[in-house]
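Engineer: For the sequence shown, the tail end lands on 706 under this note's numbering, and the numbers increase by one without skipping.
We put the beta carbon where it would ideally sit given N, CA and C, even for glycine.
Just so you know, these numbers come straight off a predicted model, no measurement behind them.
Mind looking over this structure? Questions follow.
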Amino acid sequence: MVLKVIIERSRRRAIDFFIREDLKHLEGLLLFQVVKVRSVMLGVLRRKAASGASSTKVLGVSLGKLRPAAFTSRTCSALSEEVVYSNRGVGHVQSYSCLPLAGHVINLTSKREAVSCLQQPVTLQIWSRPFCSNRGDLVDAVVPYMGESITDGTLATFLKKPGDRVEVDEPIAQVETDKVTIDVSSPEAGVIQKLIAKEGDTVEPGTKIAIISKSAEGATHVAPSDDKSSDKAAPPPSPAKDKKEESKPKEEPKPKEEPKPVLEKPKGSSPPPSKASAMELQLPPKERERRVPMTRLRKRVATRLKDSQNTFALLTTFNEVDMTNLMKLRSDYKDTFLEKHGVKLGLMSGFVKAAISALQKQPIVNAVIDGDDIIYRDYVDISIAVGTPKGLVVPVLRNAERMDFAEVEKAINTLGKKANDGTISIDEMAGGTFTISNGGVYGSLLSTPIINPPQSAILGMHSIVNRPMVVGGNIVPRPMMYIALTYDHRLIDGREAVFFLRRIKDVVEDPRRLLLDV
189 MVLKVIIERS
199 RRRAIDFFIR
209 EDLKHLEGLL
219 LFQVVKVRSV
229 MLGVLRRKAA
239 SGASSTKVLG
249 VSLGKLRPAA
259 FTSRTCSALS
269 EEVVYSNRGV
279 GHVQSYSCLP
289 LAGHVINLTS
299 KREAVSCLQQ
309 PVTLQIWSRP
319 FCSNRGDLVD
329 AVVPYMGESI
339 TDGTLATFLK
349 KPGDRVEVDE
359 PIAQVETDKV
369 TIDVSSPEAG
379 VIQKLIAKEG
389 DTVEPGTKIA
399 IISKSAEGAT
409 HVAPSDDKSS
419 DKAAPPPSPA
429 KDKKEESKPK
439 EEPKPKEEPK
449 PVLEKPKGSS
459 PPPSKASAME
469 LQLPPKERER
479 RVPMTRLRKR
489 VATRLKDSQN
499 TFALLTTFNE
509 VDMTNLMKLR
519 SDYKDTFLEK
529 HGVKLGLMSG
539 FVKAAISALQ
549 KQPIVNAVID
559 GDDIIYRDYV
569 DISIAVGTPK
579 GLVVPVLRNA
589 ERMDFAEVEK
599 AINTLGKKAN
609 DGTISIDEMA
619 GGTFTISNGG
629 VYGSLLSTPI
639 INPPQSAILG
649 MHSIVNRPMV
659 VGGNIVPRPM
669 MYIALTYDHR
679 LIDGREAVFF
689 LRRIKDVVED
699 PRRLLLDV
């Protein structure tokens, strides 16, 4: 009897054990199927959303297709299934039941809840302006992005003081970089509360330079550069130091010695100065000298020009140009040209077109050395050297071979104005395949220009001077200009350089060649 009871209990325990194991297995299978349905549903949603279908319609069709084949891998049937639709997609699957063994029905109600089929929406906070940090009433003005090749700059000057009113995007400071001067603008309208940085500091993009109060409260009229540590009172001496001083024995005062009698020197003529002192060079006093740090732009120009001399095999060839025909062309059509195109006709456009023609006939001058290779450029980007009060900048005329005279003049005027105003950007100076420098506007008669790296040549223009020339056997005055071509002799031979300069001379002296392409 006892043995029969033990066998019955063992049988029940075995049945319970197998039921629990099968239950665990079915729970894992159920979760796997839910995840699988979720991944398939997300793929359908993405494809339907791309085609413009509504989310509710897509979900209804997708579930209708997926429901019959959801649980065919096991002898399991879904007795109840509830799907909640909303504007975010599918809700939670609440309850399932399955038949693991014959004659045993085990409900898995609330055993495990499926995860949401779609991710919760992510909340992103977007700043109203890209270069500010908003702390309620206070806003930080920071240094903006200065260009791909520029990592830092020097805070040249503050345009505003603490307590000054500023508007949105109004410049409050200027940062000087290796190439251009960049304005730091106010991100919000308000009053400058405090200046954090100092003039002359090296700043990077994102560096805070000022704090602006939008409600104009608590404005501080003292910049950090005006704070002086000397105004602070000196800390009182420590008591330990006072005790040490008291413990030292006081020295008795020494008796005063009687002053020794001073022997008067006999009156007479002073000795003549020594020869060494008479031959010493008398230097001007230091008070008459001024020491000013170099600007970043000047440092950059100095470095590039010196690198050009150290790297290139510089050689210069010269020629002279009779400007009679080009000046007559300008004089005859300047009024008509201005009326039609809205820009004055200058001499620079004639030289730009002549340089383009010469570069197309001598493509080696438009090429550049890159390691052991030569890169030929099938486009012409002309760099125009512009002298500004802050230094030399070189804006670029992109695809100048596609421009006519009017487009060249407009581009030169626009870039020249930006360069003098300090508003020219890095992108407007990047690149360039050939440079033209016009020193004649300053009265230069002759010079040897230095190549602008990494280009291979540069054309120098000079002043126009009336000189006696022999024309048709007669000596007549002619407006003449010296032109110079400095080139990299490692790449360009003298033959190509002379032919290049000769082509410019021919086109300038007879602009009709451009029309006939001869």
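(1) For residue 551, name the three-state secondary structure that DSSP assigns.
(2) Could you give the uninterrupted runs of the beta strand (DSSP E) lying entirely in the stretch 317 to 372, keeping only those of 3 residues or more?
(3) Looking at residue 691: is its Cβ nearer than 7 Å to the Cβ of residue 522?
(4) In angstroms with no decimal places, state the Cα-to-Cα distance between residue 607 and residue 229.
(5) Rounded to whole angstroms, how far is the Cβ of residue 365 from the Cβ of residue 338, which I believe are closer than 8 Å?
(6) Would you call the CB atoms of residue 347 and residue 385 closer than 7 Å?
(7) Cα separation between residue 388 and residue 327?
(8) On the CB-based measure, 16 or more other CB atoms within 10 Å of its CB, does residue 676 come out buried or exposed?
(9) Return the chain-ordered list of same chain residues with a C-beta closer than 7 Å to the C-beta of residue 547, the five sequence neighbours on each side being excluded.
(10) Apply the 10 Å Cβ neighbour rule to residue 624 and answer buried if 16 or more other Cβ atoms are within range, or exposed otherwise.
(11) Quick one: residues in its chain with C-beta nearer than 6 Å to the C-beta of residue 532, no 5 flanking neighbours on either side, listed in chain order?
(12) Is there contact between the stretch 650 to 658 and the stretch 673 to 688, where contact requires at least three CB pairs shorter than 8 Å?
(13) Measuring only the C-alpha atoms, how far is residue 702 from residue 350?
(14) Determine contact between the stretch 575 to 584 and the stretch 500 to 508, defined as no fewer than three beta-carbon pairs at a distance below 8 Å.
(15) Using beta-carbon positions only, say whether residue 378 and residue 330 come within less than 7 Å of one another.
(16) What does the alpha-carbon distance come out to for the pair residue 518 and residue 641?
(17) Could you tell me which residues DSSP puts in a beta bridge with residue 656?
(18) Run the CB neighbour count on residue 392, radius 10 Å, all protein chains shown included, and call it buried at 16 or more, exposed below.
(19) So, residue 380 versus residue 361, is the Cβ gap smaller than 7 Å?
(20) Answer yes or no: do residue 401 and residue 325 have a C-beta to C-beta separation smaller than 7 Å?
(21) Please report the distance separating the alpha-carbon of residue 559 from that of residue 680.
(22) If you measure between the beta carbons of residue 485 and residue 579, is that distance less than 7 Å?
(23) By the three-class DSSP mapping on this structure, what secondary structure does residue 706 have?
(24) Quick check: what's the CA-CA separation for residue 367 versus residue 699?
(25) When DSSP labels each residue in this structure, what does residue 515 get in the three-state scheme?
(26) Taking the alpha-carbon positions, what's the residue 333 to residue 612 distance?
(27) Starting from residue 398 and walking both ways along the beta strand (DSSP E), at which residues does that stretch end?
(28) Across which residues does DSSP place residue 508 in a beta bridge pair?
(29) Please report the residue range of the beta strand (DSSP E) in which residue 647 lies.
(30) With 16 as the cutoff for other CB atoms within 10 Å, does residue 470 come out buried or exposed?
(31) Going by C-alpha distance, which of 601, 656 and 704 is nearest residue 535?
(32) Give the straight-line distance between the Cα atoms of residue 318 and residue 643, rounded to the nearest whole angstrom.
(33) Under DSSP, the alpha helix (DSSP H) around residue 608 begins and ends at which residues?
(34) How is residue 305 classed by DSSP in three states: helix, strand or coil?
(35) Determine the DSSP secondary structure at residue 558, reduced to helix, strand or coil.
Structural biologist: According to the structure shown:
(1) Numbered from 1 along the sequence shown, position 363 holds the residue referred to as residue 551. Here residue 551 carries a helix assignment [DSSP, helix/strand/coil].
(2) Listed in chain order, they are 320 to 323, 326 to 330, 341 to 346 and 359 to 364.
(3) Mapped onto the sequence shown, residue 691 falls at position 503. Mapped onto the sequence shown, residue 522 falls at position 334. Result no, Cβ atoms of residue 691 and residue 522 do not sit closer than 7 Å.
(4) By 1-based counting over the sequence shown, the position of residue 607 is 419. By 1-based counting over the sequence shown, the position of residue 229 is 41. Spanning the two alpha carbons is a distance of roughly 58 Å.
(5) By one-based count along the sequence shown, residue 365 stands at place 177. By one-based count along the sequence shown, residue 338 stands at place 150. Right, their Cβ atoms sit about 5 Å apart.
(6) Within the sequence shown, numbered from 1, the residue matching residue 347 stands at position 159. Within the sequence shown, numbered from 1, the residue matching residue 385 stands at position 197. No; because the gap between Cβ atoms is not below 7 Å, this pair is not in contact.
(7) On the sequence shown, residue 388 is found 200 positions in, with the first residue counted as 1. On the sequence shown, residue 327 is found 139 positions in, with the first residue counted as 1. Straight-line Cα distance between these residues: approximately 23 Å.
(8) Taking the sequence shown and counting its residues from 1, one reaches residue 676 at position 488. Around the Cβ of residue 676, a 10 Å sphere holds 16 or more other Cβ atoms; the residue is buried.
(9) Stepping through the sequence shown from its first residue, residue 547 is reached at position 359. Taken in chain order, the residues that qualify are 553, 554, 568 and 622.
(10) What you label residue 624 is simply residue 436 of the sequence shown in a count that begins at 1. Under this definition residue 624 is a buried residue.
(11) Locating residue 532 in the sequence shown gives position 344, counting from the first residue. Around residue 532: 526.
(12) With a cut-off of 8 Å, the stretch 673 to 688 and the stretch 650 to 658 do not count as touching, because too few Cβ pairs lie within range.
(13) For the purposes of this step, residue 702 is taken as the residue at position 514 of the sequence shown. For the purposes of this step, residue 350 is taken as the residue at position 162 of the sequence shown. Answer to the nearest angstrom: the Cα atoms are 59 Å apart.
(14) Contact between the stretch 575 to 584 and the stretch 500 to 508 is absent: fewer than 3 CB-CB pairs across the two stretches fall below 8 Å.
(15) Here the question's residue 378 lines up with position 190 in the sequence shown. Here the question's residue 330 lines up with position 142 in the sequence shown. No.
(16) On the sequence shown, residue 518 is found 330 positions in, with the first residue counted as 1. On the sequence shown, residue 641 is found 453 positions in, with the first residue counted as 1. Straight-line Cα distance between these residues: approximately 33 Å.
(17) Locating residue 656 in the sequence shown gives position 468, where the first residue counts as 1. For residue 656, which the question treats as bridged, DSSP gives the partners 665.
(18) Position 204 of the sequence shown, counted from the first residue, corresponds to residue 392. Classification for residue 392: exposed.
(19) Taking the sequence shown and counting its residues from 1, one reaches residue 380 at position 192. Taking the sequence shown and counting its residues from 1, one reaches residue 361 at position 173. Contact: no.
(20) Position 213 of the sequence shown holds residue 401. Position 137 of the sequence shown holds residue 325. Note that the C-beta distance between residue 401 and residue 325 is below 7 Å.
(21) The count along the sequence shown starts at 1 and reaches residue 559 at position 371. The count along the sequence shown starts at 1 and reaches residue 680 at position 492. Going by the C-alpha atoms only, they are around 16 Å apart.
(22) Working through the sequence shown from its first residue, we reach residue 485 at position 297. Working through the sequence shown from its first residue, we reach residue 579 at position 391. The Cβ atoms of residue 485 and residue 579 lie closer than 7 Å to each other.
(23) Within the sequence shown, numbered from 1, the residue matching residue 706 stands at position 518. Note: residue 706 maps to coil in three-state DSSP.
(24) Counting from one through the sequence shown, the residue named residue 367 turns up at place 179. Counting from one through the sequence shown, the residue named residue 699 turns up at place 511. Cα-Cα distance, rounded: 36 Å.
(25) Position 327 of the sequence shown holds residue 515. Residue state, collapsed to three classes: helix.
(26) Walking along the sequence shown from the start, residue 333 turns up at place 145. Walking along the sequence shown from the start, residue 612 turns up at place 424. The straight-line gap from Cα to Cα measures roughly 15 Å.
(27) Indexing the sequence shown from 1 puts residue 398 at position 210. Start and end: 396 to 401.
(28) The residue labelled residue 508 in the question sits at position 320 within the sequence shown. For residue 508, the pairing in a beta bridge is given by DSSP as 670.
(29) Taking the first residue of the sequence shown as 1, we reach residue 647 at position 459. For residue 647, the enclosing beta strand (DSSP E) begins and ends at 645 to 649.
(30) For this step, residue 470 is matched to residue 282 along the sequence shown. Taking a 10 Å sphere around the C-beta of residue 470, we find fewer than 16 other C-beta atoms and assign the residue as exposed.
(31) The sequence position of residue 535 within the sequence shown is 347, counting from 1. For residue 535, the nearest C-alpha among the options comes from 601.
(32) In the sequence shown, counting from the first residue as 1, residue 318 sits at position 130. In the sequence shown, counting from the first residue as 1, residue 643 sits at position 455. In this prediction, residue 318 has a pLDDT of 42, which is less than 50 and means its spatial position is unreliable; nothing more can be read from the coordinates.
(33) Position 420 of the sequence shown, counted from the start, is the residue given in the question as residue 608. Segment 593 to 609, the alpha helix (DSSP H) holding residue 608.
(34) For this step, residue 305 is matched to residue 117 along the sequence shown. Any reading at residue 305 must be qualified, since the residue scores a pLDDT of 41, below 50, and its modelled position is unreliable; no value is offered.
(35) Position 370 of the sequence shown, counted from the start, is the residue given in the question as residue 558. Strand, per DSSP.
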